[in-house]
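Quick notes on the structure that follows.
Protein chains in written order, with UniProt numbering: chain A, 1 to 394; chain B, 1 to 394; chain C, 1 to 394.
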C-alpha cells in the first residue's frame, strides 16, 4: 500500500471523494423526502429569491430637501385689512425641510419692558403677601415685583408689557386663505453604495410641466407642487381645525427602488400623515393637533425698544425622506444558496429519522446505512469483516 | 443484537457517524472537482472575507453638525457703500447643518400696507373688468381691489407697497466678495453599535492648527476650514453664475471606518457636489443653479409698520454626514463560513453529475456509489446480498 | 438492469438517497466529535438565536421632533432690569430638533454704517501705510479705508459702527436663570418595514401627567419635560461654565424595540452627552464647550438704518433620534439554521481529520470509510471487487 506522504498531492488532485449512498426504494419514505426537499426548494426559490429578493443587497440614501411656498394671505381684523406674503407667514424663510406655515395668530403690539399686572386666573392674589418679590411662576410672564394690583387682583410683574392674553384663539382662523397656498418641493437622493443620484424632478418633469401641474395622487403623482389644503386633507385632518390651533404634518417622500431595472423607474412616492399622534387615541388626527410658538419683531420707537409679539398657530410640515434601493449582489445570492443547501441537509436528516426509527423494516435500513467498527460479533456486514481481515493481513 | 433503547445514550456519546465515501481515482473528474472546490474556496476567502469583509458587521452613525461662517462682504450700489457681516448674510444665524450664504439680492425698501398697481406683465388690464375685486392671482403680490390703474395699465392690489420688482437680477452679483468667506465645520459622529464617538477635529487637528489651516484636497484634507470659493469650484460650479442666481451645494462628510484598526484611522473625508440636478441635463451644474427666498425686516416709522423686503439669492449649503463603520463580528463570520460549506456541497453535486451521467464508466461509478435496497435481482452488490441474508436470519 | 431514462421520474419520486455511514465505536473520537457538535449547536441556539436574536430582521425609523422651551429669564445690567421670554432667548423660535438657548450675550446697540477705528490688538497701526485701503483682514470687522486713527492707533474701517468689542465675556453669565427653563419634547417615530408608529407620549403619558411631571432618570424616565439644568448636569457639564461660553449637548432619544412583544413595550430612552468633544482630551466636557453666534435686530431711527448686534453664547441642543426595531422574520431564521447546518459539516470534517490522521488505527478506519476505484490491487474491499466483475459481465 502506498505511503500517504509521497504522493499526497497527486492523490489530492487526481482523486475525489463522493459519499456512498443507499438508494432506498421505498415509496412512502421516498415521497415524504422528495416533498420535504421540494418544499425547501420552493421556499428558497419562491420566497427568498422571488418574494424577498434575497439576491439583492440594499442601501439607504443621503438626501437633501428644499421647499418653497407660494401664495398670498388676507386678513381683515376689525376693519384693518392686511396682506400676508411668503416673507410674513413662513418660518424659517430659507426653505428648510421642516418649516411652519402660519394659519392663525394672537398679536400683542407695542410691548415695552416694564411693570404690569399678570393675567387674571393663575396669578390671582388678595394681598402683596401672595406675590413674592423677585420670584417666578412657571406659567408667569415675568418676575414678580411683590405687589398685588388692586384693580385686577393679580400679581404685578416685570415683563414685556402689556402681557400677552392668549385665552381666546381667533375662530375661525384668521388665515383660512392658507388653504390655497402651494408648496414646491425639490429633493435629491444619493445611494452611495450604488453611486446613484436621483432628483424628484425625474425624467419628464421639466420646468414647463412644473409651471402648470398640481399634485394629485391619481392624475399627477410626480408633480412636486402641492396645495396646502390637499396636504391637510390627505393626512386626514380637517383644515379649519388644524388651521385654528395648528398641527404637524409629515410629508414622506418614499424612494423604494429596484436598481436592477433602469434607473428611470426609480421614482418618488409622496405620503402624508399627521405627526405626534397619541397611540391611545382612537382619532389619531385629533390627537396630534395643536402646534404654536411665539415670535417677536423688535423695533425702536421714541428711543424705546419695543416689540410686536406673535403667538403663531400654524401647520408645521416635516418633509421626511425614506429610501431603500436594492440591487443584485453576488454575496447575498450565494449566502442564500449556501444556507439553502444547508436546509436541504435538514430535510435529509428528517427523512433518515423516518427511515431509521419509524419504518417497520428500520433494522434492515439501519444495516444498509451503517457499518459498525468495534467488534466482529456486532458487525452485521461481511464487507467489514473482509476489511478487518485485510487490515490484519498487514 | 442490543436493543436501541437501553444504551442509546452511551451509544450517542461513544460512537459517531462519518459518511462512507468512494475515492474516485479519475484524473478528469478529480481535477474538475478540485478546481470547482478551489473556486468556491477562493470565492469565500478572497471575495467574501477579504474583499467584502464578510467577517464584519456594520453600523451607521448618529451625527451632529455645527457650522460657522467668517468674512466680511462689501457692496457699492449707486454710491452708497455698505458692509455685510455674518449677522447680515447667513440664514439662519445659529450655525445649522443647512444654511444659506447670501451672494446677491433685490432689495425693496420702505414697503407699507396699501393699494398700489401690480407690475406690468402678467397683470396687465385694459379695464376694471379685468381685475376681479377680492380675488388673487397665483403670481400676484396681493388681493385685487377691482381697479385697473390707467398709468401702468395693471390691476391695483392691496399689498405691501410698492410691490417688489424682481425682473432684473443684479449682474455681476452684488456680493462677489463672498468668494473669500470661510466656513468652519464641527461634526461629531457616534456609532451606537460599537460605542465609538469621533469628531472631525481628529488627533492632530488642534486649535493651533485650525487657526492657520485652509482645506485643500491634497495638502490639508483634514482641515475643517473651507473657502467658499473653493467649495463652489470643487462642486463643479462657476462662482459668478451661482453667486448671481443662487444654488445648492452638498458637503458630504464621509466617515467610512474599519474599526478593527485603531480608531485613530477613522477619519472624515469631505466631498462636494451640486444638489437638485436634473438627471436629464447634460450639464448637471447648470441644471441645479437657481436658489432664492424672500426675507423681510420689519420696523416702525412714524407709527406705521413698514418692512424692507429682501429677495435673497444665495448659496445654500447642506452638510450631509454619511457614515459606515465595520468591525469584526462572530455572527457574520460564521454565517459566511456556514453558507460557504453549503456551497461546497453544491460543488460535490456538480462533480457527481459529471461522474454519474457524463463519464463512459458511469455505470461502474454508479454501482460504487449507490447500494439498492429493493430486490435481489436489481442488486448489483454482493454486500447488499449478504446484508439481506443477515437480516433474513432474524 | 433498467435503463435510466424510462422511469427516471418514478425512480426520482419513489426512491431517495441517504448517505452510508461508518458508525465509529471509539470513545475518544466519539466524545471529541459530540462535544464539537454540541458546541456548534450551543453556539447556534444560544448565541445566534437567543443572544443576537438571529431570527429577527431589523429596521430603523423615520422620525420627527418638536421642541418647546418654557421659562422666563431676568438680567440686571448696570441697573437696567430686563426680562427674557421664549421669543427672546430661543433660536430659531419655531421648535426645531436643533436649537439654541441663549445663556449669555455681548450686546452692541445702535450700530450704524460708517467709518470707525478697529479694535486695538490685531489691527494696530503706526501709519496709514499699515492700513491698505479697500482691503479686508480675516479677523477684521470691515473694509479698511486706508487711514490710521491716531487716537486708537488702529486702522479705520467702513463697518457697522461702533464695532463690537467681544474681548470680555460677561462672568457670571447674564442669564444664569436659564437653569430653570424647561424643555418639552414631542417625538414620533415610524418603522416603515414593520408599519409601526410610536410617539414619545406613550401609553400613560397623558396631558394630565405632563402638566405635573419632570424628567428624572429613576423616578420618571418617560416624562418628556426636562429642566435645562438637569440636561446640562446629566451630560457632564458644569452649568456656569457652559452658560458663560456656550456649548453643544446632544439629547439622544433611543428607540430600541423588540416588536415580537406587545408594541406597548416599545418605549423611548433619553441619553445626554456633550457634542464635538476632542477625542484626545481627557476631560471631554471641557473640550466641547464654546458655542456662540451673532444675531442682529435691525430698525430705523431718524430715517437711518441701525441694528442691535447680539453675540449670543448659548446651549445648543441637538435632539437626535436613534432607533432600532427587531421582529421575527422567516428569512434570517432559516438563513441562520442553514448556515448552522453548514458549520455542523465543519465539525464532522474536524472529527474525520482526527479519525484518519491522528488515531493509531487510522489505516483501519480509512479502509472502512473509503472505497477505492482504480485497480484491483489497491482495492482492500471485496465488495469493490465483486462490483468490478459485475460490471465487466456487461
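Quick reminder that beta carbons are idealized off the backbone N, C-alpha and C, glycines included. Quantities reported herein were computed from a predicted structural model and do not represent experimental measurements.
Minimum C-alpha distance to residue i - residue among the options
{"i": "residue 267 of chain B", "options": "B/275, B/257, B/273", "result": "B/257"}
{"i": "residue 210 of chain B", "options": "B/259, B/182, B/303, B/117", "result": "B/182"}
{"i": "residue 186 of chain C", "options": "A/244, A/35, A/215, A/274", "result": "A/274"}
{"i": "residue 194 of chain A", "options": "A/92, A/260, A/147, A/42", "result": "A/260"}
{"i": "residue 189 of chain B", "options": "B/263, B/174, B/361", "result": "B/263"}
{"i": "residue 354 of chain A", "options": "A/370, A/9, A/228, A/33", "result": "A/33"}
{"i": "residue 153 of chain C", "options": "C/169, C/131, C/174, C/236", "result": "C/131"}
{"i": "residue 229 of chain A", "options": "A/248, A/180, A/115", "result": "A/180"}
{"i": "residue 482 of chain B", "options": "B/356, B/200, B/292, B/238", "result": "Residue 482 of chain B lies beyond the range of chain B shown here (1 to 394); nothing can be said about it."}
{"i": "residue 83 of chain C", "options": "A/108, A/113, A/91", "result": "A/113"}
{"i": "residue 163 of chain B", "options": "B/308, B/344, B/238, B/341", "result": "B/308"}
{"i": "residue 133 of chain C", "options": "C/158, C/81, C/124, C/93", "result": "C/158"}
Cut-off 8 Å between Cβ atoms - residues of its own chain near residue i, not counting five sequence neighbours on either side
{"i": "residue 135 of chain A", "result": "143, 144"}
{"i": "residue 15 of chain C", "result": "none"}
{"i": "residue 22 of chain C", "result": "365, 368, 369"}
Pairwise C-alpha distance: residue j and residue i
{"i": "residue 313 of chain C", "j": "residue 100 of chain B", "result": "21 Å"}
{"i": "residue 339 of chain B", "j": "residue 40 of chain B", "result": "11 Å"}
{"i": "residue 47 of chain A", "j": "residue 215 of chain A", "result": "36 Å"}
{"i": "residue 160 of chain A", "j": "residue 88 of chain C", "result": "11 Å"}
{"i": "residue 17 of chain C", "j": "residue 31 of chain A", "result": "12 Å"}
{"i": "residue 363 of chain A", "j": "residue 346 of chain C", "result": "29 Å"}
{"i": "residue 104 of chain A", "j": "residue 304 of chain B", "result": "22 Å"}
{"i": "residue 212 of chain C", "j": "residue 111 of chain C", "result": "45 Å"}
{"i": "residue 358 of chain B", "j": "residue 27 of chain A", "result": "28 Å"}
{"i": "residue 317 of chain B", "j": "residue 234 of chain B", "result": "13 Å"}
{"i": "residue 106 of chain C", "j": "residue 322 of chain A", "result": "42 Å"}
{"i": "residue 202 of chain B", "j": "residue 65 of chain A", "result": "29 Å"}
{"i": "residue 19 of chain A", "j": "residue 320 of chain C", "result": "57 Å"}
{"i": "residue 301 of chain B", "j": "residue 296 of chain A", "result": "17 Å"}
Neighbourhood of residue i by C-beta, 6 Å cutoff - its chain only, sequence neighbours within 5 removed
{"i": "residue 191 of chain C", "result": "59, 61, 325"}
{"i": "residue 57 of chain A", "result": "329, 332"}
{"i": "residue 139 of chain C", "result": "122"}
{"i": "residue 269 of chain B", "result": "254"}
{"i": "residue 102 of chain A", "result": "89, 312, 314"}
{"i": "residue 406 of chain B", "result": "No answer is possible for residue 406 of chain B: it lies beyond the span of chain B, which begins at 1 and ends at 394."}
Residues of its chain near residue i, where Cβ-Cβ distance is below 7 Å and the 5 sequence neighbours each way are ignored
{"i": "residue 54 of chain A", "result": "48, 332, 336"}
{"i": "residue 36 of chain C", "result": "347, 350, 351"}
{"i": "residue 327 of chain A", "result": "56, 57, 194, 259, 260"}
{"i": "residue 245 of chain C", "result": "169, 289, 290, 313"}
Assigned exposure category for residue i - 16 Cβ within 10 Å defines buried
{"i": "residue 165 of chain A", "result": "exposed"}
{"i": "residue 51 of chain C", "result": "exposed"}
{"i": "residue 372 of chain C", "result": "buried"}
{"i": "residue 71 of chain B", "result": "buried"}
{"i": "residue 126 of chain C", "result": "exposed"}
{"i": "residue 232 of chain C", "result": "buried"}
{"i": "residue 86 of chain C", "result": "buried"}
{"i": "residue 29 of chain A", "result": "buried"}
{"i": "residue 219 of chain C", "result": "exposed"}
- Item | Positions along the stretch 341-354 of chain A whose CB lies within less than 9 Å of some CB in chain C | Listed in chain order, the positions of the stretch 341-354 of chain A with a beta carbon within less than 9 Å of a beta carbon of chain C are 341, 342, 343, 344, 345, 346, 348, 349, 351, 352.
- Item | Interface positions of the stretch 199-216 of chain C facing chain A (Cβ-Cβ less than 8 Å), listed along the chain | Taking 8 Å as the Cβ-Cβ cut-off against chain A, the residues of the stretch 199-216 of chain C that qualify are 199, 201, 202, 203, 206.
- Interface positions of the stretch 212-243 of chain C facing chain A (Cβ-Cβ less than 9 Å), listed along the chain: Taking 9 Å as the upper bound on Cβ-Cβ separation, chain A lies near no residue of the stretch 212-243 of chain C.
- Message: Closer than 9 Å between beta carbons: that is the criterion. Which residues of the stretch 314-332 of chain C meet it against chain B?
- Response: The residues in question are 314, 316, 318, 320, 321, 322, 324.
- Task: Please list the residues of the stretch 123-138 of chain B that have a C-beta atom closer than 8 Å to any C-beta atom in chain A, keeping them in chain order.
- Result: Cβ contacts with chain A come from 136, 138.
- With 9 Å as the limit, tell me which residues of the stretch 138-158 of chain A have their beta carbon closer than that to any beta carbon of chain C; keep them in chain order. Legend: CB atoms of the stretch 138-158 of chain A lying less than 9 Å from CB atoms of chain C belong to residues 138, 139, 140, 141, 142, 143, 157, 158.
- Members of the stretch 79-98 of chain C that neighbour chain B once the beta carbon cut-off is set at 7 Å: Look at the stretch 79-98 of chain C: the residues with a C-beta under 7 Å from a C-beta of chain B are 91, 92, 98.
- Any residues in the stretch 18-52 of chain A with a beta carbon nearer than 8 Å to a beta carbon of chain C? Which ones, in chain order? For the stretch 18-52 of chain A, residues whose beta-carbon sits nearer than 8 Å to a beta-carbon of chain C comprise 19, 20, 21, 22, 23, 24, 25, 26, 27, 29, 30, 31, 33, 34, 43, 47, 48, 52.
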